[in-house]
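Asks: The structure that follows is given in the form of structure tokens.
2 protein chains.
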Amino acid sequence: MMTLVSYDVSTVDAAGRKRLRKVAKECVNYGQRVQNSVFEVDVDYGTFLKLKDRLMKIIDEEQDSLRFYYLGNNWKRRVEHIGAKETYDPEGSLIL
Amino acid sequence: MMTLVSYDVSTVDAAGRKRLRKVAKECVNYGQRVQNSVFEVDVDYGTFLKLKDRLMKIIDEEQDSLRFYYLGNNWKRRVEHIGAKETYDPEGSLIL
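So the protein lines, in turn, are chains A and B. Here the first sequence stands for residues 449 to 544, numbered as in the working numbering. Here the second sequence stands for residues 449 to 544, numbered as in the working numbering.
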């Protein structure tokens, strides 16, 4: 089951920057970074719920947000890539 | 029809930074920014093809990349938002 995880974490203070690092670190454990704060997570639903639960415990829901796009199992026909096969790796590792 | 448009444009030189601005500007005309370089574009297929064509003409396919996630018409059940309702507006306007 492929889910796109996108997040916006407020970085106005040190606590926010720490939350951002923790959110990114969790996502790197479960999926591939596609964009600076967008991950493709292709795991079973139970594993995804674990990730979601951990992310929800990290963020401050007053300031930060998570956005999940459920692409389902038959997701390959829903994704189109054009251009360079980039390795996007500001902090984590991603091979597209 | 909802499509998530995600892009990675190389900004190592002035030409790349110009391409990035142009790509963002095009996307702002058609959709809502969700992340720094991620837009939700909810338009009919013909209009989407116009956007896609324009984006493909802007990017340098050797260095840059576009990634489209086709969420279809029944997309609302595919998207889950948790946390703050942010206005994400580094350059464009977005109200979630």
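C-beta atoms are modelled at their ideal positions from N, C-alpha and C, and glycine is treated no differently.
1. If contact means a Cβ-Cβ distance below 9 Å, which residues of the stretch 507 to 521 of chain A contact chain B?
2. Report yes if the CB atom of B/Q483 is closer than 8 Å to the CB atom of A/S485, and no otherwise.
3. Enumerate, from N- to C-terminal direction, the unbroken alpha helix (DSSP H) stretches of 4 or more residues contained entirely within the stretch 464 to 508 of chain A.
4. Under 8 Å, with one C-beta from each stretch per pair, do the stretch 520 to 533 of chain A and the stretch 467 to 477 of chain A reach the 3-pair mark?
5. Report the rounded CA-to-CA distance for A/I507 versus A/S513, giving the unit in angstroms.
6. Look at the alpha carbon of B/L544 and the alpha carbon of B/H529, and state the distance between them as a whole number of angstroms.
7. So with CB distances below 8 Å, who are the chain A contacts of B/R502?
8. Ordered along the chain, which non-local residues of its own chain (more than five positions away) have a Cβ less than 8 Å from that of B/R502?
9. Let me make sure I understand the geometry here. Which of B/G531, B/F516, B/N477 has the alpha-carbon closest to that of B/M450?
10. Would a C-beta distance cut-off of 8 Å place A/L499 and A/Y478 closer than the cut-off?
11. Using a Cβ cut-off of 8 Å, pull out every chain B residue sitting near A/L452, in sequence order please.
12. By DSSP's criteria, B/M450 is part of a beta bridge. Which residues make up the other side?
Replies: The short version:
1. I507, D508, E509, E510, Q511, D512, S513, L514, R515, F516, Y517, Y518, L519, G520
2. yes
3. 493 to 506
4. no
5. 7 Å
6. Because B/L544 carries a pLDDT of 48, less than 50, the predicted location of this residue cannot be relied on, and the following value inherits that uncertainty. Cα-Cα distance, rounded: 9 Å.
7. Result: empty, since nearest Cβ-Cβ is about 13 Å, beyond 8 Å.
8. Scanning its chain for C-beta atoms nearer than 8 Å, with the 5 sequence neighbours on each side dropped, one finds around B/R502 the residues E474, in chain order.
9. Residue B/F516 is the option with its Cα nearest to B/M450.
10. yes
11. L452, Y517
12. B/D490, B/G520
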